[in-house]
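Residue numbers (this note's numbering), protein chains in the order written: chain A, 1 to 252; chain B, 253 to 541.
All C-beta atoms in this analysis are idealised placements derived from N, C-alpha and C, irrespective of residue type, glycine included.
Scroll down for the structure; my scribbles are underneath it.
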């Protein structure tokens, strides 16, 4: 399998603090990879480096064989990399439907002015159909007209995932998608991810390791900015260093 | 008193039209843009130059001035403002203040330092509740209302407007949709600059234009934006009219304190939490819930 995304010697320093330290991270095409680690271990910083929100202090990010280190987030999205945020990121003042339509603005302006002129309506129709499809996937169709600020946190998370799905990603980065959700909502998100995971490569940062164990095919553990262990989930979780950093020495 | 209120409404309308661009730049890019004052004053001077060329047709000269300033605004955004994004606030203040100063010097160099009067383009007095006011001032007020409604429609119905408002709420979220926010900010910046010229031109028959006119309105507009909420366009509308009224009423009672009172109001807004907390402690229960 070819590599979907990889990093080499990726480092991010915030003055004295080294948040990500010489990370070599690799995810193969079609794989579902999990990234775990204690708070402050550098997981979200790694995501911000992968998705272009932070420029690295050192190192390189390669996406589908192309060096994207200097590319801004919007260029990476155009290449097929979508992400969600730790704190759910949807536009509260818009309705659920408007959120989805807004996420597809990019597709509206693709192509030459000539094709835009002649196929404007056909394209618009296709986009709207696709938005509807994304809403159906996350079972939010009946809330299409609801102003997003009125949604529950779980539904907002579902909408955020629907938006990311509607970007037609080749790689989807989910930053703690289960954070702040009830057990029932967690079940729904996991079920959704199980359903759609075959469509793209998936990387998930998560604290609730047990919840994603059935989902992920590989696991990387971060501690103090470095990847301390990676491999098959069961193998990784039985690693002594991992158990020590994650659950403390007493639990080993 | 009615004439004072009408004066307040006129000043409020001008402050609103001028402040929109400032509020957008403040809210989206967190940049304190002093160059807005340059766009405003240079636009007015171009208008004054164009006016005799178009046989004194006010709206035509106004349209030409706005059109002439848009490329200049684009250059300011593209080569100065955009480079300041993410930099320390001080850099933005220094760089855009330099643009403001350069603008004032260019005006002095080309047009001199003499104040430039513009005559009332309508010149029809109206009698409202026994008070004589100029029809032109009513037109200025109505222009602000029309603009407010127009911008509301633009920012809620138009895709560009929607993206700008979404970016005001969550810039990173918009970038995650694959949208180049800078492109949309550029458009919003240019619209805001055009409106600054419009405000300046509409104000020119009410006041006299001089090379440093941008400095004065800029400070008042910052107060408007802070009171109304950075990037909050509805808040900017109401705060502009409220502060316009503060200027008019204070000006009537004690003219030297008119502008100062604006900043007193701004300070009270900034200090509202400590003040409310003080009263809460004083009365032992929430003063304002």
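- Contacts with chain A at 9 Å (Cβ-Cβ) include residue 433 of chain B.
- Residue 483 of chain B and residue 523 of chain B do not touch by the CB rule: their CB atoms are close to 21 Å apart, not below 8 Å.
- Relative to the Cα of residue 453 of chain B, the nearest Cα in the group B/298, B/260 and B/261 belongs to B/298.
- In terms of Cβ geometry, residue 56 of chain A and residue 20 of chain A form a close pair [threshold 9 Å].
- Under DSSP, residue 230 of chain A shares a beta bridge with A/220.
- Residue 6 of chain A carries a strand assignment under DSSP once its states are collapsed to helix, strand and coil.
- Going by DSSP, residue 175 of chain A is part of the beta strand (DSSP E) stretching over 171-175.
- A direct Cα-to-Cα measurement between residue 417 of chain B and residue 155 of chain A gives close to 22 Å.
- With contact defined as three or more Cβ pairs closer than 8 Å, the region 454-465 of chain B and the region 219-234 of chain A are not in contact.
- With contacts defined as CB atoms closer than 9 Å, residue 90 of chain A and residue 159 of chain A qualify as a contacting pair.
- Three or more pairs of CB atoms, one per stretch, sit closer than 8 Å, so the region 208-225 of chain A contacts the region 22-37 of chain A.
- The continuous alpha helix (DSSP H) containing residue 194 of chain A extends over residues 183-196.
- Between residue 98 of chain A and chain B, the shortest Cβ-Cβ separation is below 9 Å.
- Counted as a single uninterrupted DSSP element, the stretch harbouring residue 428 of chain B is not any alpha helix (DSSP H), since DSSP gives it neither H nor E.
- Straight across, the Cα-Cα distance linking residue 146 of chain A with residue 167 of chain A is about 21 Å.
- Here residue 395 of chain B is near residue 265 of chain B, since their CB atoms are less than 9 Å apart.
- Close partners of residue 92 of chain A in chain B (Cβ separation under 7 Å): 421.
- With 16 or more other Cβ atoms from the protein chains shown falling within 10 Å of its own Cβ, residue 276 of chain B counts as buried.
- In the assembly as shown, residue 293 of chain B is a buried residue. Its beta-carbon has 16 or more other beta-carbons within 10 Å.
- Within the same chain, and ignoring the five residues on either side of residue 368 of chain B in sequence, the residues whose Cβ sits closer than 6 Å to its Cβ are 300 and 461.
- Within the same chain, and ignoring the five residues on either side of residue 351 of chain B in sequence, the residues whose Cβ sits closer than 8 Å to its Cβ are 286, 287, 290, 328 and 332.
- Listed along chain A are 102, each with a C-beta nearer than 7 Å to that of residue 414 of chain B.
- Assignment of alpha helix (DSSP H) within the region 304-363 of chain B, counting only whole runs of 4 or more residues, yields 310-328 and 341-363 in chain order.
- Annotation: the continuous alpha helix (DSSP H) that includes residue 280 of chain B extends over 254-281.
- Spanning the alpha carbons of residue 148 of chain A and residue 240 of chain A requires a straight line of approximately 44 Å.
- Under the three-state reduction of DSSP, residue 386 of chain B is assigned to strand.
- From the beta-carbon of residue 74 of chain A, the residues of chain B found nearer than 7 Å are 427, 430, 431 and 432.
- Residue nearest to residue 387 of chain B within the set B/363, B/373 and B/400 is B/373 (criterion: CA-CA distance).
- Take residue 71 of chain A, set aside five residues on each side of it, and the residues of its chain with a beta-carbon closer than 8 Å to its own are 52 and 79, in chain order.
- Annotated as distal: residue 74 of chain A and residue 413 of chain B, with beta-carbon spacing of 9 Å or more.
- For residue 73 of chain A, no beta strand (DSSP E) segment is defined; the enclosing uninterrupted segment is the alpha helix (DSSP H) at 73-79.
- Contacts with chain A at 9 Å (Cβ-Cβ) include residue 418 of chain B.
- Contact between residue 86 of chain A and residue 162 of chain A does not hold, since the beta-carbon distance rounds to 18 Å and is not under 8 Å.
- A straight line joining the alpha-carbon of residue 177 of chain A with that of residue 515 of chain B spans about 45 Å.
- For residue 188 of chain A, the closest alpha carbon among the candidates A/129, A/84, A/138 and A/171 is that of A/138.
- With fewer than 16 other CB atoms across the displayed protein chains lying within 10 angstroms of its CB, residue 362 of chain B is exposed.
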